[in-house]
Amino acid sequence: MKASIIIATYMRAPSLRDTLACVTRQDLEPEEYEIVVVDNSLSPSTEVRKAAEAYSKQFRNLRYLHFAPNGATSARHFGVKAARGECLVFIDDDVLCEPGWLRQLLQPFSDARVGLVFGKTVLRYEVEPPAWAAAFSVFLSRLDLGEQSRQLVPYETGYSCNMAVRARVFVEVQGLNPCYFGDPRFLKYCGDGECGLARKVHDHGDRVWYSVEAWLHHRVVAQRLSPDYMLRRARTSGVESVYCYFRYEKPGLVRLGGHALMCLAKAAVRQVLALPHGPSSNPAVRGRAAACHHWHAFRQSVRLLASPELKAFVRRPDYMDWCPPGGTPPTAC
Numbered sequence: 004m005k006a007s008i009i010i011a012t013y014m015r016a017p018s019l020r021d022t023l024a025c026v027t028r029q030d031l032e033p034e035e036y037e038i039v040v041v042d043n044s045l046s047p048s049t050e051v052r053k054a055a056e057a058y059s060k061q062f063r064n065l066r067y068l069h070f071a072p073n074g075a076t077s078a079r080h081f082g083v084k085a086a087r088g089e090c091l092v093f094i095d096d097d098v099l100c101e102p103g104w105l106r107q108l109l110q111p112f113s114d115a116r117v118g119l120v121f122g123k124t125v126l127r128y129e130v131e132p133p134a135w136a137a138a139f140s141v142f143l144s145r146l147d148l149g150e151q152s153r154q155l156v157p158y159e160t161g162y163s164c165n166m167a168v169r170a171r172v173f174v175e176v177q178g179l180n181p182c183y184f185g186d187p188r189f190l191k192y193c194g195d196g197e198c199g200l201a202r203k204v205h206d207h208g209d210r211v212w213y214s215v216e217a218w219l220h221h222r223v224v225a226q227r228l229s230p231d232y233m234l235r236r237a238r239t240s241g242v243e244s245v246y247c248y249f250r251y252e253k254p255g256l257v258r259l260g261g262h263a264l265m266c267l268a269k270a271a272v273r274q275v276l277a278l279p280h281g282p283s284s285n286p287a288v289r290g291r292a293a294a295c296h297h298w299h300a301f302r303q304s305v306r307l308l309a310s311p312e313l314k315a316f317v318r319r320p321d322y323m324d325w326c327p328p329g330g331t332p333p334t335a336c
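Right under this line is the structure:
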């Protein structure tokens, strides 16, 4: 089997139906790929199950699995353990694609040196976006690295809403680093997700590719076009930035303490600069988001200074069987 499409979903049956309508109609032969839907809700969602079962009647290689809510990374690792394809394809439950999308995403793997492929991601707004939204396209997973498909240089990356990786390479580099927790209790465990995967694939000696032809739409609903949503994403990105700093730069305690103070100073400056502007104006939203990013980077740096356990977590080599405290490891399901 050429590919396994893994879709981790959380309480979004309507958008999942639209996504399944697209991915079950690809122009490959049905036996060449499978679809694995991982329901990441607290208990099996009746609506998500119904959506998966409805499409499994017309596409036999579609499976529904339930995995308790431990975050998208653990759900994806659970899907990987059930997958049978030579390539693992990751998409979100709110994307729309053309019939030739999967064929184009897999095409670069005809070169044995390619280990990971990111497809172009075009935002599809459900409502008219505010003027400041363009500054936050990275939070909405827009990916446009030019009009030509090309090899990415270290450490360029893409997004996991449109990504394929050789299954062998995925296992050899020990999977995704943790990311995307809906539960704020687990914020301190946020890492660099697909960015870390791209780095590991680069370091493994494989090529990372960007495909313009394998484009898809990533839907942006009205709820994601609010200042509050951008602040939540800025909070997460602040924590992720410290994960990367500590994991890859390997600072000592003195450097880490200096980094914390620098983040605190930046947070204060950006917050003050945002004050004269209206709360929904472009400068205010951007300034508050930057302040939020730096504030949570400061807090995460302080956590690392105080916690040997968190230091060990950030530097661990393998998260394939990891889950948040109190959660269920992917291997136990």
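Its first residue numbered 4, the sequence shown is counted upward by one per residue in the working numbering. Even for Gly, the Cβ is constructed at its ideal location relative to N, Cα and C. A quick note: this is a predicted structure, and the numbers were derived from the prediction, not measured.
Item, Value
"Rounded C-beta distance between Arg116 and Asp209? I'm assuming under 8 Å.", "7 Å"
"Which stretch, first to last residue, makes up the beta strand (DSSP E) that contains Gly255?", "It is not in any beta strand (DSSP E) - Gly255 carries neither H nor E in the DSSP assignment."
"Spell out a yes or no on whether the stretch 106-125 and the stretch 179-194 are touching, meaning 3 or more CB-CB pairs, one atom from each, closer than 8 Å.", "no"
"Can you give me the C-alpha to C-alpha distance between Trp135 and Glu35, rounded to a whole angstrom?", "43 Å"
"Hey, is the stretch 133-148 in contact with the stretch 61-75, meaning 3+ C-beta pairs nearer than 8 Å?", "no"
"Tell me which same chain residues have a C-beta within less than 6 Å of the C-beta of Thr239, skipping the five on either side of it?", "Cys193"
"Measure the C-alpha to C-alpha separation of Leu68 and Val41 and round it to an integer number of angstroms.", "5 Å"
"What residue range does the beta strand (DSSP E) around Val168 cover?", "Asn165 to Arg169"
"If you drop the 5 nearest sequence neighbours on each side, which residues of the same chain put their C-beta closer than 6 Å to that of His297?", "Cys266, Lys269 and Ala270"
"Compare the Cα-Cα distances from Trp218 to each of Arg250, Ala57 and Met166 and report the closest residue.", "Met166"
"On the criterion of 16 or more Cβ atoms from any shown chain inside 10 Å, does Lys203 qualify as buried, or is it exposed?", "buried"
"Indicate the three-state DSSP secondary structure (helix, strand or coil) for Leu228 in the structure shown.", "helix"
"CB-CB under 6 Å to Gln274, same chain, minus the five flanking residues each way: which ones, in chain order?", "Ala294"
"Short of 6 Å in beta carbon distance, which residues of its chain neighbour Val92, apart from the five on each side in sequence? Order them along the chain.", "Ala6, Ile8 and Ala167"
"So, helix, strand or coil for Ala124, using DSSP?", "This sequence places Thr at residue 124; Ala is not what is there. Strand."
"Smallest Cα separation from His205: which of Leu31, Gln154 and Gly281?", "Gln154"
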